[in-house]
Amino acid sequence: MPKILLITFGPSEAAVASGFVAKLGGDVTVLALAATGPSAYNVLDAGFSEIPPSDTISTGVADIARDYDYVAAVSSLAAKDLLARLAGHLDWPLVNDVTAISGTKEFQHPVAAGAAVETVRVAGDGVILTFRPAAFPGSPAGGVGTTEAISLAVSSGSRRTEAAAKSGTRPDLAQAKVIVSGGRPLQTADKFEQIIGGLADALGGAVGATRAAVDSGIASNELQVGQTGKIVAPDLYIAAGISGSTQHLAGIKDSKVIVAINKDPGAPIFEVADFGLVADLFEAVPELTAQIRQRAVAQ
Amino acid sequence: MKILVPIKRVFDPYAKVTVAADGLSLEALGAKFEINPFDEIAMEAAVQIREATGSVEIIAVSIGGSEGEEQLRKALAMGADSAILVETNDPLDSRVVAAELEALVRELSPDIVLMGKLATDGEGNQTGPRLAARLGWPQATLLSSLSIVGGVAKVRRETDLGEEAVELNLPAVLTTDLRLNEPRYIALPGIIKARSKPLERRARATSIQPHSVTVGYASAPTRPAGQRVNSVSELVAGLNARGAI
Numbered sequence: 001m002p003k004i005l006l007i008t009f010g011p012s013e014a015a016v017a018s019g020f021v022a023k024l025g026g027d028v029t030v031l032a033l034a035a036t037g038p039s040a041y042n043v044l045d046a047g048f049s050e051i052p053p054s055d056t057i058s059t060g061v062a063d064i065a066r067d068y069d070y071v072a073a074v075s076s077l078a079a080k081d082l083l084a085r086l087a088g089h090l091d092w093p094l095v096n097d098v099t100a101i102s103g104t105k106e107f108q109h110p111v112a113a114g115a116a117v118e119t120v121r122v123a124g125d126g127v128i129l130t131f132r133p134a135a136f137p138g139s140p141a142g143g144v145g146t147t148e149a150i151s152l153a154v155s156s157g158s159r160r161t162e163a164a165a166k167s168g169t170r171p172d173l174a175q176a177k178v179i180v181s182g183g184r185p186l187q188t189a190d191k192f193e194q195i196i197g198g199l200a201d202a203l204g205g206a207v208g209a210t211r212a213a214v215d216s217g218i219a220s221n222e223l224q225v226g227q228t229g230k231i232v233a234p235d236l237y238i239a240a241g242i243s244g245s246t247q248h249l250a251g252i253k254d255s256k257v258i259v260a261i262n263k264d265p266g267a268p269i270f271e272v273a274d275f276g277l278v279a280d281l282f283e284a285v286p287e288l289t290a291q292i293r294q295r296a297v298a299q
Numbered sequence: 001m002k003i004l005v006p007i008k009r010v011f012d013p014y015a016k017v018t019v020a021a022d023g024l025s026l027e028a029l030g031a032k033f034e035i036n037p038f039d040e041i042a043m044e045a046a047v048q049i050r051e052a053t054g055s056v057e058i059i060a061v062s063i064g065g066s067e068g069e070e071q072l073r074k075a076l077a078m079g080a081d082s083a084i085l086v087e088t089n090d091p092l093d094s095r096v097v098a099a100e101l102e103a104l105v106r107e108l109s110p111d112i113v114l115m116g117k118l119a120t121d122g123e124g125n126q127t128g129p130r131l132a133a134r135l136g137w138p139q140a141t142l143l144s145s146l147s148i149v150g151g152v153a154k155v156r157r158e159t160d161l162g163e164e165a166v167e168l169n170l171p172a173v174l175t176t177d178l179r180l181n182e183p184r185y186i187a188l189p190g191i192i193k194a195r196s197k198p199l200e201r202r203a204r205a206t207s208i209q210p211h212s213v214t215v216g217y218a219s220a221p222t223r224p225a226g227q228r229v230n231s232v233s234e235l236v237a238g239l240n241a242r243g244a245i
């Protein structure tokens with residue numbers, strides 16, 4: 001049976017990976033970089049409170065990984081940064097953002113800003129993969145595995161002088177079941193927070209933004225959704241004042257239900273939306289927020 | 001200081017890309033080829049380092065067919081001092097490209113390899129860190145700002161939680177993200193000057209083979225057409241019926 005090393009960067013990743021590793025097939029060991037709880041799988045717990053820069057831990061991770069047939073991680077910026085370097089150390093093939101397993105050592109992933117899907121066949125002693133969990137639904141594996149604390153070697157390399165700080169209490173885009181996103185028509189950071197944030201809070205969801213909204217300073221960087229920001233796949237994605245550039249659509253098309261609210265009836269976002277409402281967002285979104293809140297009270 | 005900027009020739013990233021009839025390649029009808037936009041940002045960043053710190057030699061390098069000269073001439077027009085085309089029609093993947101770049105780095109000894117975080121065609125997302133690992137150099141990917149102070153690269157980079165600040169001793173491999181800069185407009189004198197700058201054509205330095213090959217392409221699945229609703233109440237009813245709220 002192939003041996004799979006699943007590298008996790010956060011506490012919930014082992015659970016969302018269950019569908020992918022079941023499809024890949026093999027004996028799963030989790031290498032938990034960040035402190036994590038018990039898992040269905042056996043865990044090697046490196047237990048970093050803050051994961052060090054990739055170039056300082058990659059040789060330590062490579063020493064563990066070379067005994068495995070597959071190294072996999074939920075696709076994220078952190079995972080791609082580390083696993084690409086790991087691919088260099090091990091001289092193994094790496095396929096990022098896998099959305100399907102189509103044969104023995106054949107994997108599919110989106111290319112050209114989501115316009116096409118490429119099937120790649122890889123050869124090597126081992127294979128490294130990052131994958132999009134939304135493409136591999138599955139229920140969490142049962143049982144509880146063992147947890148072994150390990151001390152992962154940290155070597156010299158780049159030095160973090162200021163950590164990224166997550167602001168606010170809303171869920172992360174990557175994990176959110178509901179995302180409400182806004183574009184540049186929101187005009188100011190205050191209106192963005194009030195209108196987009198208001199609906200997100202009513203739905204218990206995360207806030208997203210277009211690149212244009214981020215570039216114009218009305219939303220912060222880490223909220224950017226799209227090919228050059230975060231690829232998301234929530235159950236419900238609500239786009240308000242978003243025209244739907246190719247780059248943005250590439251980042252949302254795996255969402256289960258997409259809602260578009262836009263003044264322009266010709267906006268491309270309507271071509272991918274399950275529900276399209278041609279309306280002024282400044283009226284429609286607060287009304288939607290109010291109706292959602294009323295439903296919550298009624299229930 | 002010496003900066004090596006790898007350049008990939010890609011379809012115009014804003015062109016509509018479709019799958020060729022045989023399913024074995026991508027095409028963009030009538031589209032021009034461009035420098036991969038993230039590599040163009042790297043080229044601009046290299047020029048900005050020269051403007052900020054003085055004497056910096058910038059070498060642009062591309063690996064591929066002879067047509068890559070077009071993109072290298074553009075890099076020269078942007079401000080590269082010289083260019084190298086590793087001319088080959090061999091199939092290339094990130095492994096091969098990283099190995100060829102490693103050979104160039106060992107020969108030319110740059111202080112920085114400054115390159116795109118990914119190429120917009122294949123979206124492999126890995127050549128920079130692969131190269132850094134092969135060289136045993138530190139890396140910083142996804143840069144949104146960059147300055148060189150006393151032989152140390154001070155950068156800000158995009159992470160899943162926002163931006164972080166990182167310092168690296170040189171030599172290092174750095175990769176660019178969109179916010180690092182906006183590449184400058186190339187004026188005619190630059191284009192004319194680029195014609196007389198040195199562009200060396202050479203053969204591959206290694207015989208390393210790809211370990212990933214493209215089996216084929218398919219068009220991305222499209223979402224079925226949805227429905228228009230006429231009011232917020234109708235929207236809420238529709239979402240309710242779908243179990244989305």
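Protein chains in written order, with the numbering used here: chain A, 1 to 299; chain B, 1 to 245.
C-beta atoms are modelled at their ideal positions from N, C-alpha and C, and glycine is treated no differently.
- Setting aside the 5 residues that flank it on each side, Arg130(B) is surrounded in the same chain by Ser94, Ala98, each with a C-beta closer than 6 Å to its C-beta; the list follows chain order.
- By the Cβ criterion, the segment 275-288 of chain A is not in contact with the segment 32-48 of chain B, since fewer than three pairs of Cβ atoms, one from each stretch, lie closer than 8 Å.
- For the beta strand (DSSP E) assignment, the uninterrupted runs of no fewer than 3 residues enclosed by the segment 157-184 of chain A are, from N- to C-terminal side, 159-162, 178-182.
- The CB of Asp121(B) comes closer than 9 Å to the CB of Val111, Ala112 in chain A, given here in chain order.
- In this structure, the CA atom of Gly229(A) is about 15 Å from the CA atom of Asp254(A).
- A straight-line Cα-Cα distance of about 26 Å links Val127(A) and Gly142(A).
- For Val122(A), the chain B residues whose C-beta falls within less than 7 Å of its own C-beta are His211, Ser212, listed in chain order.
- Look at the beta carbons and you see the segment 54-62 of chain A not touching the segment 111-129 of chain A: under three pairs across the two are nearer than 8 Å.
- In this structure, DSSP gives Lys23(A) a helical state, which the three-state scheme calls helix.
- By the neighbour-count definition (other C-beta atoms within 10 Å, threshold 16), Arg202(B) is an exposed residue.
- Within the segment 16-46 of chain A, contact with chain B at the beta-carbon level (separation under 9 Å) is assigned to no residue.
- Closer than 8 Å at the C-beta level to chain B, one finds these residues of the segment 216-233 of chain A: Ser220, Asn221, Glu222, Thr228, Lys230.
- Looking at Trp92(A), Phe270(A), Asp97(A), Ile252(A), the one whose alpha-carbon comes closest to that of Ala260(A) is Phe270(A).
- In this structure, DSSP gives Leu29(B) a state outside helix and strand, which the three-state scheme calls coil.
- When DSSP states are grouped into helix, strand and coil, His248(A) belongs to the helix group.
- Contact annotation: in the segment 275-292 of chain A, residues whose CB is within less than 8 Å of a CB in chain B are Phe275, Gly276, Leu277, Val278, Ala279, Ala284, Glu287, Leu288, Gln291, Ile292.
- Rounded to whole angstroms, Ser139(A) and Gly244(A) show a C-alpha spacing of 32 Å.
- Per DSSP, Met78(B) is one residue of the alpha helix (DSSP H) stretching across 69-78.
- The segment 49-69 of chain B and the segment 176-186 of chain B do not touch, with fewer than three beta-carbon pairs separated by less than 8 Å.
- A direct Cα-to-Cα measurement between Ile7(B) and Pro110(B) gives close to 16 Å.
- Against chain A, the CB of Asn125(B) has a partner CB under 9 Å away; the residue lies at that interface.
- Under DSSP, the beta-bridge partners assigned to Ser212(B) are Val122(A).
- The beta carbon of Ala134(A) sits no closer than 9 Å to any beta carbon of chain B.
- Proximity of Val236(B) to chain A, defined by a Cβ-Cβ separation below 9 Å, is satisfied.
- The beta-carbon of Leu4(B) is placed no less than 9 Å from the nearest beta-carbon of chain A.
- Those residues of the segment 152-171 of chain B placed with their C-beta closer than 7 Å to a C-beta in chain A are Glu158, Thr159, Asp160, Leu161, Gly162, Glu163, Glu164, Ala165, Val166, Glu167, Leu168, ordered along the chain.
- Secondary structure at Thr99(A): coil, using DSSP grouped into helix, strand and coil.
- Sequence-distant partners of Val229(B) (beyond 5 residues in either direction) whose C-beta falls short of 8 Å from its own C-beta, in its chain, are Leu235, Gly238.
- For Ser145(B), there are no C-beta contacts with chain A under 7 Å, since the nearest C-beta of that chain is about 12 Å from it.
- Nearest neighbour of Asn89(B) by Cα position, chosen from Leu104(B), Arg106(B), Gly68(B), Asp81(B), turns out to be Gly68(B).
- Assignment of Gln294(A) by DSSP, reduced to helix, strand and coil, places it in the helix class.
- Membership of Val229(B) in the beta strand (DSSP E) is indicated by the continuous run 227-229.
- In the three-state reduction of the DSSP assignment, Met43(B) falls in the helix class, which pools H, G and I.
- From the listed residues Ala75(B), Pro91(B), Ile3(B), Leu24(B), the smallest Cα separation to His211(B) is found for Pro91(B).
- Of all residues in the segment 155-180 of chain A, only Ser156, Gly157, Ser158, Arg159, Arg160, Thr161, Glu162, Ala163, Ala164, Ala165, Lys166, Ser167, Asp172, Leu173, Ala174, Val178 place a beta-carbon less than 9 Å from a beta-carbon of chain B.
- Approximately 5 Å separates the beta-carbon atoms of Ala46(B) and Ile3(B); this is inside 8 Å, confirming the contact.
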